[in-house]
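Residue numbering for the sequence shown follows our numbering, starting at 1188 and increasing by one per position. Data block below; observations after.
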Amino acid sequence: MPGLITFKTLFMILTPNRRIGVFIDVQNMYYSARNVFNRKVNFPKIVEEATGDGQLIRALAYSVTTKAGEESPFLEALEKQGIEVIAKDLVEFQSGQKKANWDVGMAIDVVRMLDMLDVVVLVSGDGDFVPLADYVRGHGRLFHVMSFRESTSSELLGVADIYTSLSDAPETFLIDDTEKKRAPRKPILK
């Protein structure tokens, strides 16, 4: 768990116009929300909460695409809402095993953008990002983690300057996964 709030953290929280980068691990968040709540993630609300009264420099969603392309409408919707999508193809091995991992790509993007940011917001519960958190904090930036507590690495919680549990406000950060029933259509009269 994050410790006491330091002067640096308090200063950054209270400073308006702090420059914020939001880095979203789409697969991690999708499966966490589905497995824990059986719902979908409201990514625009997460970006809104992450930014607060700061200046959003970039919001990046890292995702995987399949040959069937069923995720295309979802990714297009994210882009229409101002979230940049960075996608790569799902790798399928001859054995039938599938692999999709953006951890290194996300970390490289954070390192490349760090000079433009005061706060790095990681939207993921993946403990593989602990070294990234150490790097960001070692360079005098705040590392803010937003995730579902039930699927978040305790090591990641331990290195975050700020932690937001999306589980505490499911009505804000989740979307009901059930189909909305439409009113029956009236017959067309000729």
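Glycine included, every Cβ here is placed at the ideal spot set by N, Cα and C. Quick caveat, the model's predicted, so the values are computed rather than measured.
- prompt: Residue range of the alpha helix (DSSP H) that Ala1320 falls in?
  reply: 1317-1325
* Asked: Would you say Glu1279 touches the ligand FAD, meaning its beta carbon is less than 7 angstroms from a heavy atom?
  -> The ligand FAD is absent from the structure shown, which contains no ligands of any kind.
Span of the alpha helix (DSSP H) holding Arg1299? Where Arg1299 is concerned, the enclosing alpha helix (DSSP H) stretches over 1290-1300.
Check whether the Cβ atoms of Phe1210 and Asp1296 lie closer than 8 angstroms to each other. Taking 8 angstroms as the Cβ cut-off, Phe1210 and Asp1296 qualify as a contacting pair.
**Report entry** Reference Phe1330, options Ser1250, Thr1351, Val1307, Ser1352, closest by Cα
**Finding:** Considering only alpha carbons, the answer is Val1307.
Do you know offhand how far Glu1236's Cα is from Gln1281's? 42 angstroms
I'd like the ranges of any beta strand (DSSP E) spanning at least 3 consecutive residues and lying wholly in the stretch 1233-1294.
1242-1252, 1271-1276
Residue from Gly1314, Arg1324, Gly1325, His1326 with nearest C-alpha to Arg1336
Gly1314
Neighbourhood of Ala1294 by C-beta, 6 angstroms cutoff - its chain only, sequence neighbours within 5 removed:
Leu1319
Identify the continuous beta strand (DSSP E) that holds Gly1312 and give its terminal residues. No beta strand (DSSP E) holds Gly1312; DSSP gives it neither H nor E.
Going by Cα to Cα distance, which pick from Arg1328, Thr1339, Ala1347 is closest to Leu1304?
Arg1328
Own chain residues within Cβ distance below 6 angstroms of Ile1349, not counting five before or after
These residues qualify, in order along the chain: His1331.
Which same chain residues, not among the five before or five after His1326, have their C-beta less than 7 angstroms away from its C-beta? Leu1301
Could you tell me the alpha carbon to alpha carbon distance between Gln1268 and Asn1204, rounded to whole angstroms?
21 angstroms
Problem set entry | Between the CA atoms of Val1317 and Glu1342 - distance to the nearest angstrom | 7 angstroms
| said: Rounded to the nearest angstrom, what separates Ala1220 and Val1278 at their Cα positions? | reply: 23 angstroms
Can you tell me whether Thr1351 is buried or exposed? The criterion is at least 16 other CB atoms within 10 Å of its CB, across all chains shown. buried
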